[in-house]
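**Q**
In the UniProt record's numbering, the protein residues as written are 1 to 258.
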């Protein structure tokens, strides 16, 4: 789950214009790519133009982009090109690396220990589009408190944090996926995730979700959305009516996007 991490006013428009993703102060991104960008995720593959790195100039390049907050507080643009050869994290062995690259597993959970003995639980995925490993600190993965108006149990939250599937009473199944455009995959085409922030609920409506990893789905069944989903959408629409000053893109109540 990713709530909005950035707002459009923070976007590095000059950089986006330079690489052909904005013109005259107007973005040339579709809704899903913009939502991914503002949520701190990666976009889908995009055609970037006129890139420069030192003395190297590239007329056109397919890559994903994302945002990060720099040390000076400004928002920086990150470019994720398609690599010819994947750089395997040093804490993965050859077998584990091969499993991820061949798509035999969705992710791997690894424990790393630094020089001071500090242990970190990391979730490792492979982005087949860019041939890049994506490593997430599980403690920093934002876990929803509710999905489709159903509270998650501590065990379900732990499963989500570890990249495992979670199943609801309405038979909706979903899993965290940093390598996916939406940041989440499901056996349904849509769901509503909610998190408690500052005494209020913040909502994120996901539509057009991709199927669970290596699990083809019946699209007709995937389009059958539960009463819990519909109730959550109604709550979200009520929030928009009650707080018109907040943009639908941020989907937040009693809180602000940063």
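C-beta: ideal position from N, C-alpha, C; glycine also.
Fair warning: this is a prediction, and the values are worked out from it, not measured in the lab.
Residues in the same chain with beta-carbon distance under 6 Å from residue 66, minus the five sequence neighbours each way, listed in chain order, please.
**A** Only 42, 78 meet the Cβ criterion.
**Q** Starting from residue 135, trace the beta strand (DSSP E) in both directions and tell me its first and last residue.
**A** Where residue 135 is concerned, the enclosing beta strand (DSSP E) stretches over 132-137.
**Q** Should the stretch 218-233 be called in touch with the stretch 162-172, which here means at least 3 C-beta pairs below 8 Å?
**A** The stretch 218-233, when compared against the stretch 162-172, does touch it at the 8 Å Cβ threshold.
**Q** Return the CA-CA distance between residue 210 and residue 146, expressed in angstroms with no decimal places.
**A** Rounded to the nearest angstrom, the two C-alpha atoms are 20 Å apart.
**Q** Verify whether the separation of the beta carbon atoms of residue 190 and residue 207 is less than 8 Å.
**A** In contact: residue 190 and residue 207 (Cβ atoms closer than 8 Å).
**Q** Assess contact between the stretch 136-150 and the stretch 89-101, defined as three or more Cβ pairs (one per stretch) separated by less than 8 Å. Is contact present?
**A** Short answer: they don't touch.
**Q** Between the stretch 162-169 and the stretch 95-112, are three or more C-beta pairs nearer than 8 Å?
**A** The stretch 162-169, when compared against the stretch 95-112, does touch it at the 8 Å Cβ threshold.
**Q** Taking the alpha carbon of residue 104 as the reference point, which residue from 199, 128, 84, 120 has its own alpha carbon closest?
**A** Of the listed residues, the one whose Cα sits closest to residue 104 is 128.
**Q** Report yes if the CB atom of residue 279 is closer than 8 Å to the CB atom of residue 45, and no otherwise.
**A** Because the chain here runs from 1 to 258, residue 279 falls outside it and cannot be looked at.
**Q** Give me whichever residues DSSP pairs with residue 121 in a beta bridge.
**A** DSSP output for residue 121 lists 111 as bridge partner(s).
**Q** Skipping 5 residues on each side, what residues in its chain have a beta carbon closer than 6 Å to that of residue 134?
**A** Cβ neighbours of residue 134 beyond the five flanking positions: 125, 127, 178, 179.
**Q** What does DSSP give as the partner residue(s) for residue 47 in the beta ladder?
**A** In DSSP, residue 47 forms a bridge with 62.
**Q** Cα separation between residue 72 and residue 233?
**A** Approximately 38 Å between the Cα atoms of the pair.
**Q** Could you work out which residue in 221, 60, 7 is closest to residue 20 when comparing CA atoms only?
**A** Cα-wise, what sits closest to residue 20 is 60.
**Q** Considering only their Cβ atoms, is the gap separating residue 168 from residue 205 smaller than 8 Å?
**A** Cβ atoms of residue 205 and residue 168: not closer than 8 Å.
**Q** Take residue 267 and list the residues in its own chain whose beta-carbon comes closer than 6 Å to its own, dropping the five residues that flank it on each side.
**A** Past the boundaries of the shown model lies residue 267; the chain is included only from 1 to 258, so the question cannot be answered.
**Q** Between the C-alpha atoms of residue 130 and residue 199, what's the straight-line distance to the nearest angstrom?
**A** In a straight line, the C-alpha of residue 130 is about 40 Å away from that of residue 199.
**Q** For residue 113 and residue 86, I'd like the C-alpha separation in whole angstroms.
**A** Between residue 113 and residue 86, the C-alpha separation is close to 23 Å.
**Q** With DSSP collapsed to three states, give me the class of residue 216.
**A** Coil, per DSSP.
**Q** For residue 123, which option in 75, 37, 140, 213 has the closest C-alpha, if you only look at C-alpha atoms?
**A** Checking every option, the nearest Cα to that of residue 123 belongs to 140.
**Q** In the structure shown, what three-state DSSP assignment does residue 233 receive?
**A** Helix.
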